[in-house]
Amino acid sequence: MSFSPARRHISIRLTVWYAGIFLGTWALLFVVSYAWISAVFEKEDRDELRRKFKSYAGAYEESDLSGLQDVINGERDFGKPVPYLVRVVDVQNVTLFLSLPDQWSRTDNLGVMASIPTREGYHRVRISTAQDGAVYEIGAYPLDDGNVLQIGKDVTHREELLLQFRRVFFGVFLPSIMIALAVGFFLTFRALKPVRELTAVMQDIAATRNLRMRVPVNAASDELAELVRLFNAMQDRIEQLVKGMQESLDNIAHDLRTPVTRLRMSAEQALRSGGMNDCREALSDCLEESERIMKTLTALMDIAEAESGAQTIVCKEIRLSRLVETIADLYRHIAEEKGVALHVRVPDAITLETDEGKVQQVLANLIDNAIKYTASGGSVSVDATTAGPDVIVTVRDTGAGIPETELSSIWERLYRGDKSRTERGFGLGLSIVRSFVKALGGEVVVESAQGEGTAFAVRLPRNQRQIPL
62 MSFSPARRHI
72 SIRLTVWYAG
82 IFLGTWALLF
92 VVSYAWISAV
102 FEKEDRDELR
112 RKFKSYAGAY
122 EESDLSGLQD
132 VINGERDFGK
142 PVPYLVRVVD
152 VQNVTLFLSL
162 PDQWSRTDNL
172 GVMASIPTRE
182 GYHRVRISTA
192 QDGAVYEIGA
202 YPLDDGNVLQ
212 IGKDVTHREE
222 LLLQFRRVFF
232 GVFLPSIMIA
242 LAVGFFLTFR
252 ALKPVRELTA
262 VMQDIAATRN
272 LRMRVPVNAA
282 SDELAELVRL
292 FNAMQDRIEQ
302 LVKGMQESLD
312 NIAHDLRTPV
322 TRLRMSAEQA
332 LRSGGMNDCR
342 EALSDCLEES
352 ERIMKTLTAL
362 MDIAEAESGA
372 QTIVCKEIRL
382 SRLVETIADL
392 YRHIAEEKGV
402 ALHVRVPDAI
412 TLETDEGKVQ
422 QVLANLIDNA
432 IKYTASGGSV
442 SVDATTAGPD
452 VIVTVRDTGA
462 GIPETELSSI
472 WERLYRGDKS
482 RTERGFGLGL
492 SIVRSFVKAL
502 GGEVVVESAQ
512 GEGTAFAVRL
522 PRNQRQIPL
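Using this note's numbering, read the sequence shown as starting at 62 and increasing by one per residue.
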């Protein structure tokens, strides 16, 4: 089934619904108010007829028809107009007494009498008057002798008032429904502006593949504004993922060029020489370079997963002092060979609910770097302290320090400073540190001064399970 664009347009559909509800509300209001006003008028008229019936019935019971005539004549003699039709009939609807109202001047209205039912209740008849037609409501009341007393009252004023009410109501209704449609469409169109902007941005992204585009966010706090904020947040995440993938591919291509070239040169050297020793040496070089390639790929993939949020966080309770001592034991021999003192000062009471493997890799990289760039006779220390809901682990060395011009670049993938170019490595250690710490909901900062040493402070939440990833 296909629909026209107008019916598919949510603004028009909401406006139609709004107009329908508005129309239904007006119709209900009209029916209720019209019925109530009509009932009030009708009750007043019938109460008046019942009062006259008591008056006329009392005169009839005392003096028969003559007494009734005397009462009516008395009302005329008193100078008041007689607005009532008074008629007494028997069970055969034969007129026994008839008194016409003053404005009932046409004799051709007498034929209407035969059509008035004699049963008890209220009936309406339309008659002609000197001015115009009139509507009479006639109440029929049984008398004690079996006859029926009919009293009629002109209710044209009631009909005219109800007619005027209908005219005023519909006179106001038609402009109101038009205004309601216009206002409803305007409000709906304005309320859905974030949706239109969201749709336009999504179409532009699909057409141009420009992931930097965002939907403008207004200051409102409604559901649509929240939808726009969530879309922008999702777009930030997508852009970050795509950018991470592009950077990873670029880094892989850059970093693998040298080892792949070495592999090729080693293989070509072995083919040219043909000697067994050269072949063995070439195979050894190939194994070494392939291992280097695998480590580089693994490190780059770990960084990409951590920065994209795709890496799995396995939380368990760990005692920080035990973890740091285990790492320090691995590097203590290397530090002793280099003449560097390694000190660990971590209170036993500090525990963490976090991913032990990632914390271990972060601290191992920092300790490894600290020992690597500290000269003989220097020292490396690992300290830990608590700060509210966090734990701060500081790895400090007394090495040469990092030049201020390089501090902003040390976190970049494959970056190697001037002093590190003589050391063997991939230039990925600090990138892994920062990406893993962020993945664990923490942060890492560095302070360094040339000739005085460097300190890396890692702040981690004590309970990783309570940190939204």
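Quick reminder that beta carbons are idealized off the backbone N, C-alpha and C, glycines included.
Looking at the secondary structure, which residues open and close the alpha helix (DSSP H) in which residue i lies?
{"i": "residue 153", "result": "No alpha helix (DSSP H) contains residue 153, which DSSP labels as neither H nor E."}
Per DSSP, what kind of secondary structure is residue i in: helix, strand or coil?
{"i": "residue 197", "result": "strand"}
{"i": "residue 415", "result": "strand"}
{"i": "residue 489", "result": "coil"}
{"i": "residue 434", "result": "coil"}
{"i": "residue 373", "result": "coil"}
{"i": "residue 109", "result": "helix"}
{"i": "residue 469", "result": "coil"}
{"i": "residue 218", "result": "helix"}
{"i": "residue 429", "result": "helix"}
{"i": "residue 271", "result": "coil"}
{"i": "residue 464", "result": "coil"}
{"i": "residue 161", "result": "coil"}
{"i": "residue 508", "result": "strand"}
{"i": "residue 204", "result": "coil"}
{"i": "residue 501", "result": "coil"}
{"i": "residue 146", "result": "strand"}
{"i": "residue 333", "result": "helix"}
{"i": "residue 278", "result": "coil"}
{"i": "residue 70", "result": "coil"}
{"i": "residue 325", "result": "helix"}
{"i": "residue 177", "result": "coil"}
{"i": "residue 253", "result": "coil"}
{"i": "residue 513", "result": "coil"}
Using the C-alpha atoms, what's the distance from residue j back to residue i?
{"i": "residue 128", "j": "residue 110", "result": "19 Å"}
{"i": "residue 85", "j": "residue 93", "result": "12 Å"}
{"i": "residue 223", "j": "residue 214", "result": "17 Å"}
{"i": "residue 290", "j": "residue 306", "result": "24 Å"}
{"i": "residue 514", "j": "residue 413", "result": "28 Å"}
{"i": "residue 440", "j": "residue 463", "result": "16 Å"}
{"i": "residue 257", "j": "residue 266", "result": "14 Å"}
{"i": "residue 68", "j": "residue 74", "result": "The predicted model places residue 68 with a pLDDT of 42, which falls under 50 and marks its position as unreliable, so this point remains unresolved."}
{"i": "residue 210", "j": "residue 235", "result": "46 Å"}
{"i": "residue 341", "j": "residue 443", "result": "43 Å"}
{"i": "residue 367", "j": "residue 470", "result": "19 Å"}
{"i": "residue 238", "j": "residue 184", "result": "38 Å"}
{"i": "residue 115", "j": "residue 233", "result": "43 Å"}
{"i": "residue 196", "j": "residue 89", "result": "28 Å"}
{"i": "residue 231", "j": "residue 102", "result": "21 Å"}
{"i": "residue 132", "j": "residue 96", "result": "36 Å"}
{"i": "residue 255", "j": "residue 70", "result": "15 Å"}
{"i": "residue 206", "j": "residue 181", "result": "15 Å"}
{"i": "residue 262", "j": "residue 524", "result": "39 Å"}
{"i": "residue 200", "j": "residue 78", "result": "47 Å"}
{"i": "residue 404", "j": "residue 297", "result": "42 Å"}
{"i": "residue 136", "j": "residue 229", "result": "38 Å"}
{"i": "residue 179", "j": "residue 146", "result": "14 Å"}
{"i": "residue 148", "j": "residue 226", "result": "33 Å"}
{"i": "residue 242", "j": "residue 80", "result": "6 Å"}
{"i": "residue 490", "j": "residue 333", "result": "38 Å"}
{"i": "residue 321", "j": "residue 310", "result": "15 Å"}
{"i": "residue 348", "j": "residue 355", "result": "10 Å"}
{"i": "residue 421", "j": "residue 381", "result": "10 Å"}
{"i": "residue 398", "j": "residue 461", "result": "19 Å"}
{"i": "residue 521", "j": "residue 76", "result": "53 Å"}
What are the boundary residues of the beta strand (DSSP E) that includes residue i?
{"i": "residue 440", "result": "440-448"}
{"i": "residue 215", "result": "209-215"}
{"i": "residue 410", "result": "It is not in any beta strand (DSSP E) - residue 410 carries neither H nor E in the DSSP assignment."}
{"i": "residue 403", "result": "402-406"}
In the DSSP assignment, what residue or residues form a beta bridge with residue i?
{"i": "residue 455", "result": "444 and 518"}
{"i": "residue 186", "result": "197"}
{"i": "residue 524", "result": "414"}
Is it the case that the CB of residue i approaches a heavy atom of the ligand SAH more closely than 7 Å?
{"i": "residue 79", "result": "Although the ligand SAH was asked about, the structure shown includes no ligands whatsoever."}
Going along the chain, which unbroken runs of the beta strand (DSSP E) with 3 or more residues stay wholly within the segment 337-397?
Here the runs fully enclosed are 377-380.
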